[in-house]
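Quick note on the numbering used here: the sequence shown kicks off at 51 and runs consecutively.
Every residue, glycine too, gets a C-beta built ideally from N, C-alpha and C.
Fair warning: this is a prediction, and the values are worked out from it, not measured in the lab.
Data block below; observations after.
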Amino acid sequence: MKEGFIRIIDALRVFEERHPYIFSAVPSLVIIFFSLFFNFYAGPSDHDRIESDELQILDMDTISAFAVPKRFTKKDYSTDRGEAASEESEETVQRATGESEDGAVDLSFYPNIVPPRLLGRIEQRYPKIARELQVEAVVMVELLIGASGKVLSIGIIGIRLMKDLPPDLKERVASQFNNDARLMLQGARYSPPVVDGKNIPVKMEERLIFRLE
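Pasting the structure below:
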């Protein structure tokens with residue numbers, strides 16, 4: 051038996067001398083095979099297990115209740131055309147219903163409802179100081195439109211000037227744009243708003259675009 055073992059050792063030594071690269075690769079293959087076999091049957095470790103007390107079940111109804119609604123604004127008015135453009139935008143707000151305290155339906159929450167249509171053209175105005183300074187602007191307004199289509203109130207939501215100005219001058223120009231926006235829309239008439247087949251007051255947002263000719 052001892053002689054047989056010696057013959058095996060001699061045969062391995064001869065094989066190593068003739069094929070050194072293959073012989074050196076055999077131990078590596080044995081180690082890789084052992085590692086794969088052990089990991090496959092070892093199962094998940096304690097670090098991979100999650101106790102049931104750590105799991106949380108999400109209530110989809112609760113998630114939906116806290117979803118923030120979106121408001122949609124669909125029309126712009128340009129002072130160089132006096133008619134609606136088709137650009138669409140949307141913004142996220144923190145209110146949860148589409149009705150205001152005065153009972154008007156806020157169309158920003160109901161994009162599928164056809165908004166009232168402007169009848170005729172709006173009055174053309176442009177602040178003198180803005181024209182002298184070559185400043186254009188976009189004024190965002192919120193309109194309260196009565197059941198008959200008359201504009202009942204005009205609220206300024208925000209303004210963006212298209213030119214950088216010093217702070218004091220910027221405030222003065224923005225104020226003039228806001229005043230002109232109110233004057234342009236206070237006499238405007240819209241088609242009577244219809245919601246669920248009834249003429250009721252609505253609130254809607256518009257953007258007035260002031261462009262120099």
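The three-state reading of DSSP puts E221 in helix, counting H, G and I together. If you draw a straight line from the Cα of A180 to the Cα of A187, it is about 9 Å long. Between L193 and E256 a beta carbon distance of about 6 Å is seen, short of the 8 Å cut, so the two are scored as contacting.
In this structure, DSSP gives M212 a state outside helix and strand, which the three-state scheme calls coil. Looking at R57, D156, I163, the one whose alpha-carbon comes closest to that of G247 is I163.
Between A231 and L168, the C-beta spacing is not below 9 Å.
In the DSSP secondary-structure assignment, N249 is bridged to V244. Within the model, the alpha-carbon separation for I195 versus L183 is close to 34 Å. By the CB criterion at 9 Å, I207 and V191 fall inside the cutoff.
Judged by DSSP in its simplified three-state form, E173 adopts coil rather than helix or strand. Nearest to V244 by C-alpha distance, out of A154, I81, R57, is A154.
Put simply, of V201, Y176, S158, P177 the residue whose alpha carbon is nearest the alpha carbon of Q236 is V201. Secondary structure note for E182: its alpha helix (DSSP H) is the uninterrupted segment 178 to 183.
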